[in-house]
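Number of protein chains: 2
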Amino acid sequence: MTHEIPSLTEEGFVLKPIGCVHACYKERFAIPRQPMLAPSVTAELELLPPYDTQEAIRGLESTTHLWLQFVFHGINPKSEGNKASTVRPPRLGGNQRVGVLATRSPFRANRLGLSVVKLNRIEIRKGRPWLIIQGGDFLDQTPVLDIKPYLPYVDAVTTASCSIANHAPETLRVVLSNQATDQLKRAEPKHWTLRMQQLIEILQQDPRPAYQSEDDDRVYACQLWEFDVKWQYCVKDIEPRIVVLSLDKPISSKERGTGGSVLNSNIQQAI
Amino acid sequence: MTHEIPSLTEEGFVLKPIGCVHACYKERFAIPRQPMLAPSVTAELELLPPYDTQEAIRGLESTTHLWLQFVFHGINPKSEGNKASTVRPPRLGGNQRVGVLATRSPFRANRLGLSVVKLNRIEIRKGRPWLIIQGGDFLDQTPVLDIKPYLPYVDAVTTASCSIANHAPETLRVVLSNQATDQLKRAEPKHWTLRMQQLIEILQQDPRPAYQSEDDDRVYACQLWEFDVKWQYCVKDIEPRIVVLSLDKPISSKERGTGGSVLNSNIQQAI
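Going down the list, the protein sequences come from chains A and B. Taking my numbering, the leading residue of the first sequence gets 2, the next gets one more, and so forth. Taking my numbering, the leading residue of the second sequence gets 2, the next gets one more, and so forth.
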């Protein structure tokens with residue numbers, strides 16, 4: 002094998018994907034805003050040539066967590082976010098502007114992402130290793146530029162602070178309607194409890210855009226795994242909660258609601 | 002401004018440097034193998050257009066630590082390391098092969114680096130912000146592809162482990178010869194104690210290649226700041242230590258010893 006050496010051309014360094022993430026997040030909307038917020042959600046990282054060998058990852062099983070350096074793909078190049086040197090992080094209520102480099106927004110220099118994930122296991126399929134990871138916040142088909150072991154003595158800076166996002170965001174209660182529960186049981190008779198747990202971890206992050214927090218009647222739709230998930234924010238009677246209304250499959254593009262998905266391309270990974 | 006959107010050509014994604022590190026490490030030899038091992042050593046991160054504005058980093062002062070994603074430059078493209086899918090980390094004695102993706106070696110996919118640093122302060126020079134950082138492990142002139150705030154609640158994974166490098170490497174005692182101390186005082190009458198502390202932090206990492214651990218007579222040379230630093234590993238009489246013999250300046254390439262610098266391009270950031 003030969004490592005590709007990125008040469009600095011007039012346009013920049015040319016970097017090649019070494020892997021591709023196969024994830025349950027089929028659109029940007031509802032992806033947790035940081036990794037490890039939905040820790041039981043798994044994804045599969047396919048290694049690409051020349052790194053798709055057992056030799057290239059030899060010893061990786063001795064590490065529990067990985068860094069993935071990746072490209073935020075699937076962003077409309079015509080989006081207004083591409084022109085701004087500041088963003089409005091949902092963590093700050095969506096109305097305060099912060100420099101792109103002071104956030105983890107995908108609207109940033111070189112579209113370069115960085116996420117820590119848990120390495121669940123390594124599977125060998127037809128001689129090629131696949132990394133099964135947990136807690137990723139990757140859009141399906143995310144191109145990965147590098148994989149590194151997480152070194153706790155270097156990477157876990159316990160003295161660090163970031164005053165605008167020092168703690169994980171508060172989570173919402175999530176409940177499934179009878180219809181949604183039935184649909185899940187029918188679709189995944191063996192794994193429905195795990196899938197429900199994963200669904201709850203994702204939606205309890207409250208994917209609604211910050212500027213629509215009080216719009217409690219709206220039905221949102223997002224595509225997770227092979228499901229077209231419809232859900233609603235409720236404040237009536239009891240504590241605020243997200244109610245999963247239905248989990249339809251298979252998805253037909255004609256049937257899908259417009260939901261909030263189009264509006265929300267700017268909130269993934271923004272702090 | 003407009004964020005450059007890396008387009009996926011047949012060759013890969015084209016990424017443009019958004020910054021450049023001005024560092025004391027003028028060659029790869031003697032750079033600590035991970036960031037934050039020489040925590041008082043500062044470097045200056047110059048932001049490049051279109052990110053060299055106060056707007057692009059607005060709010061960054063609320064964070065104590067940063068991630069830098071960068072390119073390992075200054076590696077000989079003809080080096081044997083470019084062809085190997087495994088490396089021999091100095092942490093494992095230099096004789097055990099581990100997959101490149103299981104290490105932090107610079108001989109890796111896309112030459113992509115990742116380091117956490119402490120943000121010491123932001124300085125505005127002629128209207129352009131410069132980030133003064135601490136603990137970096139960057140070769141001078143390192144091209145930076147992205148800067149992100151360190152988010153402790155996401156990035157500090159206290160449950161992570163990496164059994165081949167779970168703790169910082171042991172450090173050696175470092176002493177300065179009378180000549181070296183006199184040279185340092187003369188060269189930096191105001192800051193010589195700080196510079197001595199930084200020098201000790203760097204050399205106590207024991208930059209010698211793993212496979213020469215018992216070669217205790219050799220004089221090594223490395224270029225740090227504007228000094229040509231000559232030092233020796235000693236085991237005689239008392240505890241093993243590194244003795245700084247001299248700190249010459251200005252550096253003349255004719256005067257420089259060959260030292261270990263040529264041999265050691267493969268040890269920076271290898272775990």
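All C-beta atoms, glycine included, are put in the ideal place defined by N, C-alpha and C. It should be emphasised that the depicted structure is a prediction, and the values quoted were computed from it without experimental measurement.
So, are the CB atoms of residue i and residue j less than 7 Å apart?
i: B/Val118; j: B/Leu49; result: no
i: A/Ala157; j: B/Thr65; result: no
i: A/Leu204; j: A/Val175; result: yes
i: A/Phe139; j: A/Val42; result: no
i: A/Ala44; j: A/Ala24; result: yes
i: A/Val88; j: B/Ala57; result: no
i: A/Ile19; j: B/Ala103; result: no
i: B/Arg129; j: B/Asp218; result: no
i: B/Leu16; j: A/Gly114; result: no
i: B/Leu69; j: B/Ser116; result: yes
i: A/Lys250; j: A/Ala169; result: no
i: B/Leu120; j: A/Cys163; result: no
i: A/Cys235; j: A/Val245; result: no
If you draw a straight line from the alpha carbon of residue i to that of residue j, how long is it in whole angstroms?
i: B/Gln270; j: B/Ser106; result: The predicted model places B/Gln270 with a pLDDT of 46, which falls under 50 and marks its position as unreliable; any figure quoted below should be read in that light. If I take the Cα positions, the gap works out to 5 Å.
i: B/Arg112; j: B/Tyr26; result: 18 Å
i: B/Gln180; j: B/Trp232; result: 12 Å
i: A/Phe73; j: A/Lys79; result: 15 Å
i: A/Ala222; j: A/Glu11; result: 43 Å
i: B/Glu62; j: B/Ile123; result: 8 Å
i: A/Asp183; j: A/His192; result: 13 Å
i: B/Tyr154; j: A/Asn167; result: 6 Å
i: A/Gly82; j: B/Asp207; result: 46 Å
i: A/Lys237; j: A/Arg59; result: 54 Å
i: A/Trp226; j: A/Leu185; result: 12 Å
i: A/Thr172; j: A/Arg29; result: 19 Å
i: B/Ile32; j: B/Gln199; result: 12 Å
i: A/Pro210; j: B/Pro51; result: 28 Å
i: A/Lys84; j: B/Phe228; result: 44 Å
i: B/Ile201; j: B/Asn96; result: 27 Å
i: A/Pro36; j: B/Arg242; result: 43 Å
i: A/Ser142; j: A/Phe71; result: According to the sequence as given, residue 142 of chain A is Gln; it is not Ser. Their Cα atoms are separated by approximately 11 Å.
i: A/Val230; j: A/Ser247; result: 6 Å
i: B/Ile165; j: B/Leu93; result: 7 Å
i: A/Glu240; j: A/Val220; result: 18 Å
i: A/Asn77; j: B/Pro190; result: 56 Å
i: B/Leu177; j: B/Gln135; result: 23 Å
i: B/Pro90; j: A/Ile148; result: 17 Å
i: A/Pro144; j: A/Gly75; result: 11 Å
i: B/Gln224; j: B/Arg126; result: 27 Å
i: A/Arg34; j: B/Gly137; result: 28 Å
i: A/Ser86; j: B/Arg98; result: 44 Å
i: A/Pro150; j: B/Trp131; result: 30 Å
With a cut-off of 7 Å, does the C-beta of residue i fall near any C-beta of chain A?
i: B/Glu56; result: yes
i: B/His23; result: no
i: B/Arg105; result: yes
i: B/Ile243; result: no
i: B/Ser86; result: yes
i: B/Ile19; result: yes
i: B/Gly100; result: yes
i: B/Val1; result: No answer is possible for residue 1 of chain B: the residues shown for chain B start at 2 and end at 272.
i: B/Glu11; result: no
i: B/Pro222; result: Looking at the sequence itself, residue 222 of chain B is Ala, so the reference to Pro does not match. No, because no Cβ of chain A sits closer than 7 Å to the Cβ of B/Ala222.
i: B/Arg126; result: no
If you measure from the beta carbon of residue i to each beta carbon in chain B, is any gap under 7 Å?
i: A/Asn111; result: yes
i: A/Phe14; result: yes
i: A/Thr182; result: no
*Ignoring anything shorter than 3 residues or poking outside the segment 85-152 of chain A, list the beta strand (DSSP E) runs there in chain order.*
113-126, 129-135 and 143-150, all fully within the segment 85-152 of chain A.
*Contacting positions in the segment 60-83 of chain B - beta carbon closer than 7 Å to chain A*: Within the segment 60-83 of chain B, the qualifying residues are Gly60, Leu61, Ser63, Thr64, Thr65, His66, Trp68, Gln70, Val72, Pro78 and Asn83.
*What are the residues of the segment 146-165 of chain B that lie near chain A, defined by any Cβ-Cβ distance shorter than 9 Å?*
Those would be Leu146, Asp147, Ile148, Lys149, Pro150, Tyr151, Leu152, Pro153, Tyr154, Val155, Asp156, Ala157, Val158, Thr159, Thr160, Ala161, Ser162, Cys163, Ser164 and Ile165, in chain order.
*Between the segment 186-215 of chain B and chain A, which residues of the former have a C-beta closer than 7 Å to a C-beta of the latter?*
Listed in sequence order: no entries.
*Contained alpha helix (DSSP H) runs [length at least 4] in the segment 175-235 of chain A, N- to C-terminal order*: DSSP runs (the alpha helix (DSSP H)) wholly in the segment 175-235 of chain A: 179-188 and 193-204.
*In chain order, which beta strand (DSSP E) runs of at least 3 residues are fully inside the segment 5-78 of chain A?*
List check, beta strand (DSSP E) in window: 14-16, 20-23, 43-48 and 66-72.
*Closer than 7 Å, Cβ to any Cβ of chain B: which residues of the segment 32-49 of chain A, in chain order?*
If the cut-off is 7 Å between Cβ atoms, the segment 32-49 of chain A has Gln35, Pro36 and Met37 near chain B.
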